[in-house]
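Engineer:
2 protein chains.
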Amino acid sequence: MKITAAQLNFHVGNFDRNVKLICETIRSARAEGSDLVVFSELSVPGYPPHDLLEQREFIEKCYQNLEVIATECKGIAALVGAPSFNEAPAGKRLYNSAFFLNEGRIADIFHKSLLPTYDIFDEFRYFEPLKEYRILKYRNKKIAVTICEDLWDEQGFDNDFSSSRLYTVSPMDELARLGPDIIINLSASPFSATRVEEKRRIFTEKAAKHRLPLFVVNQVGGNAELIFEGGSMVVDPSGKIYDWLESFTEQVRTYDLSEVIKGASKDFVFGKDHIPLIHDALILGIKDYFGKMNFKSALLGLSGGIDSAVALCLAAEALGNNNMRVLLLPSMYSSGHSVTDAVKLAENLGVHYDIINISDSFNSIRESLHTIMKDYSEDATGENIQARLRSILLMALSNKFGNILLSTSNKSEAAVGYSTLYGDMSGGLSVLGDVYKSDVYRLAGYINRKKEIIPGNIITKPPSAELRPHQQDTDTLPEYQILDEILYQYIELQRSPGKINGKGITGDTIKKVISMINLNEFKRFQAPPVLRISSKAFGYGRRMPLVAKY
Amino acid sequence: MKITAAQLNFHVGNFDRNVKLICETIRSARAEGSDLVVFSELSVPGYPPHDLLEQREFIEKCYQNLEVIATECKGIAALVGAPSFNEAPAGKRLYNSAFFLNEGRIADIFHKSLLPTYDIFDEFRYFEPLKEYRILKYRNKKIAVTICEDLWDEQGFDNDFSSSRLYTVSPMDELARLGPDIIINLSASPFSATRVEEKRRIFTEKAAKHRLPLFVVNQVGGNAELIFEGGSMVVDPSGKIYDWLESFTEQVRTYDLSEVIKGASKDFVFGKDHIPLIHDALILGIKDYFGKMNFKSALLGLSGGIDSAVALCLAAEALGNNNMRVLLLPSMYSSGHSVTDAVKLAENLGVHYDIINISDSFNSIRESLHTIMKDYSEDATGENIQARLRSILLMALSNKFGNILLSTSNKSEAAVGYSTLYGDMSGGLSVLGDVYKSDVYRLAGYINRKKEIIPGNIITKPPSAELRPHQQDTDTLPEYQILDEILYQYIELQRSPGKINGKGITGDTIKKVISMINLNEFKRFQAPPVLRISSKAFGYGRRMPLVAKY
Chain C
0 MKITAAQLNF HVGNFDRNVK LICETIRSAR AEGSDLVVFS ELSVPGYPPH
50 DLLEQREFIE KCYQNLEVIA TECKGIAALV GAPSFNEAPA GKRLYNSAFF
100 LNEGRIADIF HKSLLPTYDI FDEFRYFEPL KEYRILKYRN KKIAVTICED
150 LWDEQGFDND FSSSRLYTVS PMDELARLGP DIIINLSASP FSATRVEEKR
200 RIFTEKAAKH RLPLFVVNQV GGNAELIFEG GSMVVDPSGK IYDWLESFTE
250 QVRTYDLSEV IKGASKDFVF GKDHIPLIHD ALILGIKDYF GKMNFKSALL
300 GLSGGIDSAV ALCLAAEALG NNNMRVLLLP SMYSSGHSVT DAVKLAENLG
350 VHYDIINISD SFNSIRESLH TIMKDYSEDA TGENIQARLR SILLMALSNK
400 FGNILLSTSN KSEAAVGYST LYGDMSGGLS VLGDVYKSDV YRLAGYINRK
450 KEIIPGNIIT KPPSAELRPH QQDTDTLPEY QILDEILYQY IELQRSPGKI
500 NGKGITGDTI KKVISMINLN EFKRFQAPPV LRISSKAFGY GRRMPLVAKY
Chain P
0 MKITAAQLNF HVGNFDRNVK LICETIRSAR AEGSDLVVFS ELSVPGYPPH
50 DLLEQREFIE KCYQNLEVIA TECKGIAALV GAPSFNEAPA GKRLYNSAFF
100 LNEGRIADIF HKSLLPTYDI FDEFRYFEPL KEYRILKYRN KKIAVTICED
150 LWDEQGFDND FSSSRLYTVS PMDELARLGP DIIINLSASP FSATRVEEKR
200 RIFTEKAAKH RLPLFVVNQV GGNAELIFEG GSMVVDPSGK IYDWLESFTE
250 QVRTYDLSEV IKGASKDFVF GKDHIPLIHD ALILGIKDYF GKMNFKSALL
300 GLSGGIDSAV ALCLAAEALG NNNMRVLLLP SMYSSGHSVT DAVKLAENLG
350 VHYDIINISD SFNSIRESLH TIMKDYSEDA TGENIQARLR SILLMALSNK
400 FGNILLSTSN KSEAAVGYST LYGDMSGGLS VLGDVYKSDV YRLAGYINRK
450 KEIIPGNIIT KPPSAELRPH QQDTDTLPEY QILDEILYQY IELQRSPGKI
500 NGKGITGDTI KKVISMINLN EFKRFQAPPV LRISSKAFGY GRRMPLVAKY
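Chains C and P, in that order, are what the protein sequence lines are.
Position 195 (the first sequence) corresponds to 194 in numbering that gives the first Met the number 0; numbering is contiguous.
Position 180 (the second sequence) corresponds to 179 in numbering that gives the first Met the number 0; numbering is contiguous.
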């Protein structure tokens, strides 16, 4: 038997695109002599469809499109992900299902058992879990059809809360009793830089435990905040990786099952450095945000600092230099090198830039406030006016020319509120909102790996918001190395303050940082969508109460 | 037996406040000779604690505080809501529980069975459902302890998706087998103007079905977007309301169980008009947002239009006239009556106002954009600059004086994107973001019910954003009466476009409106928290994909 793994880039709700992709893939697989094509979870509507799943017509469209796909399945079968109606008199109205299409029709349906409802996942909001397990019989093979989380039953909790398991059932243990020959898994598992090794471990251990060949097909592509890396894999019955599909790109490959059962003949070596992965993930995230929203060009404010420099390089690579434009918006507080560094970067990339000095408009606004703020002194009020005035000018260009504004704030700033709401937080998409400042520097190094694109001075000078004379970030914040370590342990590892530790970290700093994180929940509430590359990003996956004391 | 219903206003994470309230209530109930005090769901941490439930120390604080409360329970018992650890080796790490405190200790624990995971509810994110039912025995009475949703098993789905039931279990059917004498329900059920009658129906039918007295204790108070109305009630075994606690205020009342069993002696008549409820809910929502965030004073831009007028009246009533200030920010496009109407309103209320004409700063910004936008013509770009410039000035005052900016956009505008991101959408809280324009007018009428506070001209003149000469809302939008009917059916009833109908509604208008709703998802993504008064508000409870085609 030949099995084709189809790692494709789906667009939520874009049935025409998704179905075309699926049908074309089935046709070419048939030409290759494949018996079965496996697509990813909810491939027909795209993942995650969120509350579109609450619209009857949306589900009906899925069924209509399944019928279209089924007509392609002659002489070849397909496993395609889509929601299905729960016909029982009670329970959630839908299942998250794998449709088995064969002989021109929907031949069978298998439902997902484990419904992730944590972090960015809300599956119990929509779906009823499967409770009775069945096996797919096709061309003399017994296939255990599983969907994503169904293989993740043995994962522990994420934090130091408990070491117990999240699920009370193990779908593969149940299915194993039915004597399958193969495990197939339809996935939509988003990228998180620190979880790549864990995913491989889960799949290889699962195959080894059941001594069965395993085919995992994951979605690839960006859908708003979420970036799916693909990285689909085939594991042999000993738990060794037989093959895997390159990440961050569409890949379709056909395997001879008997070869997979014989076992892997080579060793795959995976790099340990997360930075190239984050780099590629962000580029895919930007590219798909624009492509799927039908936007072409972007815009950002280039300050001469490291964040906007890195964001620009990523966006220019994702969208093309010709589709980027930047504004330099110096004020009386900007240092000379800010403008020259920024100009040099724009010229290195060949990106169109304009310079608008904001001093006059800033003074005009201050003037108009004079009678009310008689005791006006330079404080955060004035700093925020500058940041917001820049946002007005950037958004004016966006409104006039259609370039989408990118926010260039990083995760460290977002965490402690070192950014201005309606100012530098503005934008349709936050490129670096899940990247700690230390990793922004690493990304800059990676971008410059072949030649200096980002001028060295941008990387080496001390970070400053330049909103008042001689300002430096460290006037207000701990050194980024220390700050980022505290943030990582508190946000991603969800450690209690008392358990956070590391070189140079004191109890006072922990207290100060955590208090800043908590106090700035209200700002992040209004932040743009953040491209998620960690296991815990701000936004949808981290739901803190806004009006609370803690 | 005497039972005390304690409808109190809890603050998420504010253990000192919550525990003080609980302990004081237990002491006064004991003085009244009560046997049992019932508090609302998750009363110890406050509802909803969201992801604070993922922090071990937060749960441990709940336990520590339960011990403190238990020491008050001598000669009297209490049912208090708090999370409890799930000690099983697998499953979600917590239960949503009712702790029975008696004789100075935690005497028993009962868990919630039905975990709402839809709209604004995410309970399956945190909690394991109860599967084995038990009864509480106390002073010769058998008590069925249920938590909120546990009594809602017979509700249908919200939309035309299906008429089947959401849950496969009925906790009260299970508990009824154990022969209880009383049903008690600890609730945290947020206000929704159109659901008030339904709640009463659910409780009275449940009591009647089981022929048992029912005590429902609901939380009261605002917690960010969510407003809990209280409206706790006691139902006699025939299903008649024996008594209920006034909405939107803290209430504690003790009942003699034997009297309740004898039956209600009077009929309660409830008004049908939702407007007074919405009015009171919004005032409580504003008051608690400020009180619980430790903010005192607010600020808004008073345009002379109906939305800012109504928002001001509500905020002034919630916070006190002395704690409000307003800015009038006319431009060259503002009509004379805008300023005079706004001034008259501010004077009627005795609220401090300032006037800043934005024309100079607006011109200065246009000037600075001139070289880039050589072909500059008056279009949405200029309109947005005005709205954003107003936001800069308002936020400057907020930063300088500490007044929190209120956004005054209504739900109709938010739906179709008739507002400027980083402009009039700015603010810490959106007062009217869940109120349709038609209801804003009704609220204005209600505010003026005793005397004219809002000048008549504000109510009668045609709505206009005044961002260009002679602009009126109807240049861009359908009449609000028609718009609001389409919005209500699409958003709240979740009707398919083809099923939306009503007087004057055409297929073209439906198509246009729904397309505007879908296209403006990106704006609402960055909107401030919205006080929720409907069954489906924008924000947390409506999770639409951002990058999708539909």
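Ideal Cβ placement from N, Cα and C applies to all residues, glycine included.
In this text the structure is predicted, and so the values were computed from the model without any measurement.
(1) At the 9 Å Cβ level, is Ala223 (chain P) part of the contact set with chain C, yes or no?
(2) Hey, does Gly427 (chain P) have any beta-carbon neighbour from chain C nearer than 9 Å?
(3) By the criterion of Cβ-Cβ separation under 9 Å, what are the contact partners of His10 (chain P) in chain C?
(4) Identify the contact partners of Leu51 (chain P) in chain C, using a Cβ-Cβ distance below 9 Å as the criterion.
(5) Ile364 (chain P) CB to nearest chain C CB: under 9 Å?
(6) Could you work out which residues of chain C lie near Ser331 (chain P), taking near to mean beta carbons separated by less than 7 Å?
(7) Tell me whether Val168 (chain C) sits in a helix, a strand or coil according to DSSP, three-state version.
(8) How many Å lie between Pro47 (chain C) and Thr145 (chain C) at the Cα?
(9) Under three-state DSSP, which class holds Thr475 (chain P)?
(10) Using Cβ-Cβ distances below 7 Å, what residues of the segment 368-390 of chain C are close to chain P?
(11) Return the CA-CA distance between His10 (chain P) and Gly45 (chain P), expressed in angstroms with no decimal places.
(12) Residues in the segment 26-57 of chain C with C-beta within 8 Å of chain P's C-beta atoms, listed in sequence order?
(13) Roughly how many angstroms lie between the CA atoms of Asn13 (chain P) and Glu224 (chain P), to the nearest whole one?
(14) Starting from Leu93 (chain P), follow its DSSP beta bridges and name the residues at the other end.
(15) Show which residues of chain P have a CB atom less than 9 Å away from the CB atom of Ser302 (chain C).
(16) Please name the residue in P:Ser83, P:Val37 and P:Glu71 whose C-alpha comes closest to that of Glu59 (chain P).
(17) So is Lys410 (chain C) in contact with chain P if we call contact Cβ pairs under 9 Å?
(18) Contact check, Leu486 (chain P) vs Leu281 (chain P) under 8 Å by CB: the rounded distance?
(19) Give a yes or no on whether the C-beta atoms belonging to Arg387 (chain C) and Arg365 (chain P) are separated by under 9 Å.
(20) Just curious, the alpha helix (DSSP H) that His369 (chain C) is in, first and last residue?
(21) Near Leu114 (chain P), what residues of its chain come up, given a Cβ to Cβ distance below 6 Å and the 5 sequence neighbours on each side ignored?
(22) Take Leu318 (chain C) as the anchor and find which of C:Ser257, C:His273, C:Val234 and C:Val350 has the nearest alpha-carbon.
(23) Taking 6 Å as the limit between beta carbons, can you name the residues of its chain near Leu20 (chain P), skipping five residues before and five after?
(24) With burial defined as no fewer than 16 other Cβ atoms inside 10 Å of the residue's Cβ, what is the status of Ser237 (chain P): buried or exposed?
(25) What residues match up with Ala315 (chain C) in a beta bridge as DSSP calls it?
(26) Helix or strand or just coil, what does DSSP make of Glu228 (chain P)?
(27) Counting along the chain, where does the alpha helix (DSSP H) carrying His209 (chain P) start and finish?
(28) Would you mind sorting Arg389 (chain P) into buried or exposed? The rule is 16 or more other CB atoms within 10 Å of its CB.
(29) Applying the criterion that 16 or more other CB atoms from any shown protein chain within 10 Å of the CB defines a buried residue, is Phe269 (chain C) buried or exposed?
(30) List the residues of chain P that Tyr288 (chain C) touches, going by C-beta distances under 9 Å, in chain order.
(31) Can you find a C-beta in chain P that's less than 9 Å from the C-beta of Thr193 (chain C)?
(32) Where does Met331 (chain P) fall in DSSP's three states?
(33) Does Ser363 (chain C) come out as helix, strand or coil in the three-state DSSP assignment?
(34) 9 Å is my cut-off, CB to CB: does Phe227 (chain C) come that close to chain P?
(35) Select from C:Glu377, C:Arg541, C:Ala395 and C:Asp378 the residue whose C-alpha is nearest the C-alpha of His369 (chain P).
(36) Against chain C, with Cβ distances strictly below 9 Å, would Leu392 (chain P) count as a contact?
Structural biologist: In short:
(1) Yes, Ala223 (chain P) lies at the interface with chain C (some Cβ there is under 9 Å from its Cβ).
(2) Contact with chain C is found for Gly427 (chain P), since one of that chain's Cβ atoms lies less than 9 Å from the residue's Cβ.
(3) Close partners of His10 (chain P) in chain C (Cβ separation under 9 Å): Val546, Ala547 and Lys548.
(4) The answer, in chain order, is Met543, Pro544, Ala547 and Tyr549.
(5) Yes, Ile364 (chain P) counts as interfacial toward chain C.
(6) The sequence given here has Met at residue 331 (chain P), not Ser. Near Met331 (chain P) there are no residues of chain C at all, since even the closest Cβ is about 14 Å away, more than 7 Å.
(7) In the structure shown, Val168 (chain C) falls within a coil segment according to DSSP collapsed to helix, strand and coil.
(8) A straight line joining the alpha-carbon of Pro47 (chain C) with that of Thr145 (chain C) spans about 18 Å.
(9) In the three-state DSSP reduction, Thr475 (chain P) falls in the coil class, being neither helix nor strand.
(10) So the list reads Leu368, Ile371, Met372, Ala379, Thr380, Asn383, Ile384, Arg387, Leu388 and Ser390, given in the order they occur along the chain.
(11) Counting only the Cα atoms, Gly45 (chain P) lies some 5 Å from His10 (chain P).
(12) Going along the segment 26-57 of chain C in chain order, one finds Gly45, Pro47, Pro48, His49, Asp50, Leu51, Glu53, Gln54, Arg55, Glu56 and Phe57 with a Cβ nearer than 8 Å to chain P.
(13) A straight-line Cα-Cα distance of about 18 Å links Asn13 (chain P) and Glu224 (chain P).
(14) In DSSP, Leu93 (chain P) forms a bridge with P:Phe84 and P:Phe126.
(15) Chain P residues near Ser302 (chain C): none, gap ~17 Å exceeds 9 Å.
(16) Closest option to Glu59 (chain P), Cα to Cα, is P:Ser83.
(17) Not one beta carbon of chain P lies nearer than 9 Å to the beta carbon of Lys410 (chain C).
(18) Not quite, the Cβ-Cβ distance comes to about 19 Å (not below 8 Å), so this is no contact.
(19) No, the Cβ-Cβ distance between Arg387 (chain C) and Arg365 (chain P) is not below 9 Å.
(20) Careful: His369 (chain C) lies outside any alpha helix (DSSP H) and carries neither H nor E.
(21) These residues qualify, in order along the chain: Glu122, Phe123, Phe126 and Pro128.
(22) Here the closest residue by C-alpha is C:Val350.
(23) Apart from sequence neighbours up to five positions away, the residues of its chain that approach Leu20 (chain P) with a beta-carbon distance below 6 Å are Leu7, ordered along the chain.
(24) Taking a 10 Å sphere around the C-beta of Ser237 (chain P), we find fewer than 16 other C-beta atoms and assign the residue as exposed.
(25) Answer is none; Ala315 (chain C) lacks a bridge partner.
(26) Here Glu228 (chain P) sits in strand by DSSP.
(27) It spans Val195 to His209 - the alpha helix (DSSP H) in which His209 (chain P) sits, taken as one unbroken run.
(28) Under this definition Arg389 (chain P) is a buried residue.
(29) Exposed: under 16 other Cβ atoms inside 10 Å.
(30) Neighbours of Tyr288 (chain C) on chain P, chain order: Leu545 and Val546.
(31) Chain P contact via Cβ: absent.
(32) For Met331 (chain P), the secondary structure class from DSSP, reduced to helix, strand or coil, is coil.
(33) Assignment of Ser363 (chain C) by DSSP, reduced to helix, strand and coil, places it in the helix class.
(34) No, its Cβ sits nowhere closer than 9 Å to a Cβ of chain P.
(35) Comparing Cα-Cα distances from His369 (chain P) to each of C:Glu377, C:Arg541, C:Ala395 and C:Asp378, the minimum goes to C:Ala395.
(36) Nearest CB-CB separation between Leu392 (chain P) and chain C: below the 9 Å threshold.
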